[in-house]
Amino acid sequence: MIIPNKLKMGDTIGVVAPSNPIIGDNIKELEKAKKIVEKNGFKVKFAKNIYANTLRL
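Residue numbers (numbering that gives the first Met the number 0): 0 to 56.
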């Protein structure tokens with residue numbers, strides 16, 4: 000079994016595939032979650048297609 004190293008302050012956490020389209024309040028929640036993770040000392044990187052199936056109303 001491969002056990003990865005634990006995350007350390009300054010490491011980057013990638014978000015690549017949300018289970019549902021990011022719409023409405025979900026956009027705000029995603030940004031809020033990103034800020035919380037960054038406040039705890041990590042970097043956050045979204046995949047280039049994270050908003051690909053987002054409905055722009």
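Note that CB positions come from ideal geometry on N, CA and C, so glycine has one too.
Just so you know, the alpha carbons of I22 and M0 end up roughly 38 Å apart.
When N19, V14, V36 are compared, the shortest CA-CA separation from K7 is found for V36. Per the coordinates, the alpha-carbon of K33 lies some 25 Å from the alpha-carbon of I2. With contacts defined by Cβ atoms closer than 7 Å, G9 and K44 do not form a contacting pair.
Comparing alpha carbon positions, the residue from N4, K5, T11 closest to G40 is T11.
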